[in-house]
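In this text, residue positions in the sequence shown follow this note's numbering: the first is 9, and each later residue adds one.
Below is one structure, written out as structure tokens, with a few remarks after it.
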Amino acid sequence: MNRKINEICFTGISHEELCALNILKDNKKHTNDLNKNTKYLVTYKSIFSEKYVEALSLDLPIISIESFHDQNKSYTQDTLKNLLGRRLSKFEGAVFTTSGLTNPIYANYFILNGATFEPRCDISTDFLICDNYTSEKYAFCKKYKIPIIETKDVFSNKYHLFLHKQRFDAKSIGMSGLFENIMFFIDENLPEELYNKLKRMIIENDGMRQTNISESVDFILTTPTNASFFEGYKNILYYQYLFDCISTNSLLHENFYVIHSKKEKVVLNNCVIFIDRENIRETLIDQENVDEEFIEEHCNRLENKIKSLGAILQDSLDMRTTHCITSINKNDPQYFCVTEEWVDNCLIYLKHFDESKYAPRKKVFGRRKPVKVQVTGLGNDKANVIKRIEEFGINIVDSEKYENCTHLIMGSFCTSEKFFGALVNGAWILTTDYLHDINLTCSNIFNNVDLLEKYEWNVDEKHASLNKLSKINKKLISSISKWRLKIKAGKQKPFTSWNVKIYADKNKFQMFSKMIKNGGGRITNEEDFTHIFYDKSYKENVKEEKKLPLSYIFEYLSK
9 MNRKINEICF
19 TGISHEELCA
29 LNILKDNKKH
39 TNDLNKNTKY
49 LVTYKSIFSE
59 KYVEALSLDL
69 PIISIESFHD
79 QNKSYTQDTL
89 KNLLGRRLSK
99 FEGAVFTTSG
109 LTNPIYANYF
119 ILNGATFEPR
129 CDISTDFLIC
139 DNYTSEKYAF
149 CKKYKIPIIE
159 TKDVFSNKYH
169 LFLHKQRFDA
179 KSIGMSGLFE
189 NIMFFIDENL
199 PEELYNKLKR
209 MIIENDGMRQ
219 TNISESVDFI
229 LTTPTNASFF
239 EGYKNILYYQ
249 YLFDCISTNS
259 LLHENFYVIH
269 SKKEKVVLNN
279 CVIFIDRENI
289 RETLIDQENV
299 DEEFIEEHCN
309 RLENKIKSLG
319 AILQDSLDMR
329 TTHCITSINK
339 NDPQYFCVTE
349 EWVDNCLIYL
359 KHFDESKYAP
369 RKKVFGRRKP
379 VKVQVTGLGN
389 DKANVIKRIE
399 EFGINIVDSE
409 KYENCTHLIM
419 GSFCTSEKFF
429 GALVNGAWIL
439 TTDYLHDINL
449 TCSNIFNNVD
459 LLEKYEWNVD
469 EKHASLNKLS
479 KINKKLISSI
489 SKWRLKIKAG
499 KQKPFTSWNV
509 KIYADKNKFQ
519 MFSKMIKNGG
529 GRITNEEDFT
539 HIFYDKSYKE
549 NVKEEKKLPL
559 SYIFEYLSK
């Protein structure tokens with residue numbers, strides 16, 4: 009393979025097929041692995057191999073092998089970009105069933121993503137959607153190790169739940185005359201070398217071939233694109249059936265290779281949708297005690313629903329926006345403001361519903377968020393501080409992670425996850441003097457702005473220990489009130505609309521990822537990045553030229 013083809017990884021495609029399509033030469037061993045340089049995964053349908061599941065998790069484009077059927081192409085960078093025209097849906101060609109479900113939203117989601125629903129369950133079923141552990145289908149799938157997906161995970165990015173080894177269930181194994189007494193019809197629209205290869209394999213294994221379709225034909229070998237030409241006939245198979253039979257030296261069950269008719273449906277055609285993540289975040293926090301991970305998963309599920317409906321997602325509002333998912337009525341004539349319920353109903357009924365029926369309520373002003381306090385940098389004084397806070401009857405969350413607190417009590421200055429989480433969310437960051445100087449008779453102490461401002465962390469002569477801090481840390485302290493006031497005034501968080509790619513070791517990657525997400529940004533492995541940051545001690549190669557050191561993030565926050 010040339011250098012450009014090395015950017016492509018294959019799964020479910022045999023060495024013989026790659027040679028027949030001139031992707032590999034006969035004398036070259038195929039050792040293609042999915043790695044950091046991989047830009048595309050190529051297969052013929054969703055087979056849920058380890059490579060396939062990893063590609064879904066990384067949001068890599070998954071391309072049909074039919075993209076390589078034009079053998080006059082030279083696979084340069086320009087032509088590789090054209091492969092996206094044959095991008096497969098997430099669950100293209102998969103077969104699933106359900107048990108005990110009454111809401112069609114779950115099945116509709118997979119159908120819109122290319123899967124086929126079958127009421128019966130057999131060994132060729134790819135996965136079951138079920139919450140009922142006592143059903144017959146559940147027991148069957150458990151017995152044959154068929155993935156079982158609970159409804160709570162349907163819209164998530166937990167693609168590892170679909171992982172299973174490619175099943176080669178055979179009618180017979182290791183017999184001579186593998187295709188004896190079996191009549192095949194090969195689609196003449198296949199590439200010439202591929203067509204001839206399939207023909208030779210049939211003849212060499214005692215099979216029979218007809219050039220016209222009749223009742224005597226057992227299997228029609230073709231592709232999903234051409235399958236519509238054979239509508240009305242039975243046993244229309246992916247031609248890969250033949251390659252897998254030969255590679256396993258088995259007559260395999262054809263059920264795994266049946267091409268099911270696919271009806272394309274785009275429910276939200278020409279819709280460009282922005283998800284108001286900050287509004288959704290605030291709504292979820294108001295309704296229940298949730299962390300950032302829960303909020304991120306909730307937004308991911310919403311994104312997946314919207315994508316399945318055929319709409320385009322965008323990271324910020326602009327002139328193209330047609331819809332904004334929010335719980336606040338923004339009264340903008342350019343686009344519709346709709347609630348998440350609108351998305352769900354469009355998916356349940358596979359219909360573009362009237363937006364006016366799902367307009368959010370008008371914004372309610374003056375609503376006060378419940379107080380949630382966390383502490384950091386206290387050392388041995390931590391127990392005393394927590395006891396003091398509890399004396400005021402305040403909800404304190406004792407956790408090493410940032411938990412969407414409204415107030416952070418910080419003893420000594422420290423760049424902890426909680427500090428940066430509070431900073432980029434505009435929370436109050438207070439000294440411990442606040443608790444020592446007030447008395448129990450003070451009312452509403454964590455909502456008294458005059459008191460809070462007096463004890464907010466800042467760089468002044470009162471904090472002698474600050475003299476030992478670096479200039480950048482002093483600037484970070486000075487930025488505390490700046491970001492609080494900006495965010496309170498309705499301005500965006502520091503990293504809103506940032507799509508960030510990070511090159512760093514695991515610990516630093518996790519630390520900065522949390523900071524970016526808490527501050528309204530997103531982490532990406534794709535080419536849709538707006539910013540690239542790298543750790544200067546990162547040993548692996550960073551291919552992008554325009555990049556910034558991780559220290560820039562601190563400089564940006566402290567400006």
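Here a beta-carbon is modelled for each residue, glycine too, at the ideal position from N, C-alpha and C.
This one's a predicted model, so the numbers in the text were calculated from it and none came from an experiment.
Do you know offhand how far residue i's Cα is from residue j's?
i                 : j              : result
asparagine 121    : lysine 242     : 24 Å
isoleucine 156    : threonine 19   : 23 Å
phenylalanine 520 : threonine 414  : 21 Å
glutamate 158     : isoleucine 137 : 6 Å
phenylalanine 400 : isoleucine 446 : 11 Å
phenylalanine 238 : isoleucine 194 : 11 Å
asparagine 40     : serine 487     : 49 Å
valine 103        : serine 65      : 20 Å
aspartate 284     : valine 61      : 29 Å
aspartate 362     : asparagine 287 : 22 Å
histidine 268     : tyrosine 246   : 10 Å
lysine 151        : glutamate 552  : 48 Å
lysine 509        : asparagine 533 : 6 Å
glycine 101       : serine 72      : 11 Å
leucine 565       : glutamine 518  : 18 Å
histidine 261     : leucine 325    : 51 Å
lysine 313        : serine 22      : 34 Å
cysteine 307      : glycine 527    : 15 Å
leucine 448       : tyrosine 442   : With a pLDDT of only 49 at leucine 448, under 50, the local geometry of the prediction cannot be trusted, and the value read off the model is given with reservation. Whole-angstrom Cα-Cα distance: 12 Å.
Look at the Cβ atom of residue i, then the Cβ atom of residue j, and state whether they are nearer than 8 Å.
i                 : j              : result
aspartate 323     : asparagine 140 : no
leucine 558       : histidine 539  : no
methionine 191    : methionine 209 : no
serine 384        : cysteine 422   : Correcting the residue identity first, residue 384 is threonine in this sequence and not serine. In this structure, cysteine 422 lies closer than 8 Å to threonine 384 by Cβ.
alanine 497       : aspartate 543  : no
tyrosine 463      : leucine 438    : yes
phenylalanine 344 : isoleucine 402 : no
isoleucine 417    : aspartate 406  : no
histidine 77      : proline 199    : yes
cysteine 4        : lysine 59      : Residue numbering for the chain in the displayed model covers 9 to 567; residue 4 lies beyond these limits and cannot be assessed.
valine 280        : threonine 330  : yes
valine 467        : isoleucine 495 : no
For a test of the three-state rule: what should DSSP assign to residue i, helix, strand or coil?
i                 : result
glycine 334       : A small fix is needed here, since residue 334 is threonine in this sequence, not glycine. Looking at threonine 334 - three-state DSSP - the assignment turns out to be coil, as it is neither helix nor strand.
glutamine 500     : coil
glutamate 25      : helix
aspartate 34      : Low confidence applies here, because aspartate 34 scores a pLDDT of 43, under 50, leaving its location unreliable; read the following figure in that light. Coil.
alanine 152       : Going by the sequence as given, residue 152 is tyrosine instead of alanine. Of the three classes helix, strand and coil, the one that applies to tyrosine 152 here is coil, per DSSP.
alanine 367       : coil
serine 486        : helix
cysteine 279      : coil
arginine 289      : helix
tyrosine 48       : strand
histidine 168     : helix
leucine 206       : helix
isoleucine 16     : strand
isoleucine 211    : helix
phenylalanine 520 : helix
glutamate 223     : coil
For the alpha helix (DSSP H) that residue i lies in, which residues bound it at each end?
i                 : result
lysine 426        : 425-432
tryptophan 436    : Run containing tryptophan 436: none in the alpha helix (DSSP H); it sits in the beta strand (DSSP E), 436-438.
histidine 360     : Looking at the DSSP string, histidine 360 is not in any alpha helix (DSSP H), and its letter there is neither H nor E.
isoleucine 446    : Taken as a continuous stretch (DSSP letters only), isoleucine 446 belongs to no alpha helix (DSSP H), as it is neither H nor E.
phenylalanine 118 : 113-120
phenylalanine 187 : No alpha helix (DSSP H) contains phenylalanine 187, which DSSP labels as neither H nor E.
arginine 396      : 390-399
Need the endpoints of the beta strand (DSSP E) that residue i sits in, please.
i              : result
histidine 306  : Note, histidine 306: premise wrong, no beta strand (DSSP E); alpha helix (DSSP H) at 300-316.
histidine 539  : 539-542
asparagine 507 : 507-511
isoleucine 70  : 70-72
glutamine 382  : 381-384
threonine 105  : 103-107
serine 180     : 178-181
valine 346     : 344-346
isoleucine 244 : 244-246
isoleucine 228 : 227-230
Run the proximity test for residue i: is its beta-carbon closer than 7 Å to any non-hydrogen atom belonging to the ligand COA?
i              : result
asparagine 549 : This structure lacks the ligand COA, and indeed carries no ligand of any kind.
At least three beta-carbon pairs within less than 8 Å, the segment 154-170 to the segment 38-51: Contact between the segment 154-170 and the segment 38-51 is not established, with fewer than three Cβ pairs separated by less than 8 Å.
Any chance the segment 182-190 sits against the segment 255-275, with 3 or more Cβ pairs inside 8 Å? With contact defined as three or more Cβ pairs closer than 8 Å, the segment 182-190 and the segment 255-275 are in contact.
Is it a yes or a no for the segment 419-438 touching the segment 519-536, going by three-plus beta-carbon pairs under 8 Å? The way I'd put it, the segment 419-438 does touch the segment 519-536; three or more beta-carbon pairs between them come closer than 8 Å.
Does the segment 306-324 come into contact with the segment 339-347, if we say contact requires no fewer than three beta-carbon pairs (one atom in each stretch) closer than 8 Å? No: the two stretches stay apart, fewer than three of their Cβ pairs being nearer than 8 Å.
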